[in-house]
Amino acid sequence: MRGRLQILAARSRQFDDLFEAYEEASHALERFQREGKGSRLVEEYEVVCRDIEADVIQHILQAGPDVSD
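Its first residue numbered 2, the sequence shown is counted upward by one per residue in my numbering.
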């Protein structure tokens, strides 16, 4: 799976942008959890991360089986 993601990222700026957004959101989420920030903020970033994950999965499914590791 990782190899497939790398191939897709190399072919699509959109994937690269999604991965970058996920990295930023997941780091923020970890920081908020570690620092004991309000649960509303933690919940919001959990949703953001899940939404980005869903977007990545959707794009992978749309790419079809022609992308191999």
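Ideal Cβ positions, reconstructed from N, Cα and C, are used throughout, including at glycine. These figures come from a predicted structure and were not determined experimentally.
Residue i versus residue j - alpha carbon distance
| i | j | result |
| --- | --- | --- |
| GLN63 | GLU45 | 27 Å |
| ASP70 | LYS38 | Interpretation of ASP70 is limited by its pLDDT of 47, a score under 50 that renders its predicted location unreliable; the figure taken from the coordinates is listed afterwards. Computed Cα separation, rounded: 40 Å. |
| LEU6 | ALA26 | 19 Å |
| ALA12 | TYR23 | The sequence as given places Arg at residue 12; Ala does not occur at that position. Their Cα atoms are separated by approximately 18 Å. |
Assigned secondary structure, residue i (DSSP; H/G/I helix, E/B strand, else coil)
| i | result |
| --- | --- |
| GLY4 | helix |
| SER40 | helix |
| ARG14 | helix |
Of the listed residues the options, nearest to residue i (C-alpha basis)
| i | options | result |
| --- | --- | --- |
| ASP56 | PHE20, GLU36, ILE8 | PHE20 |
query: When the Cβ atoms of the segment 42-56 are set against those of the segment 22-30, are three or more pairs found closer than 8 Å?
result: Flag = yes, the segment 42-56 and the segment 22-30 touch.
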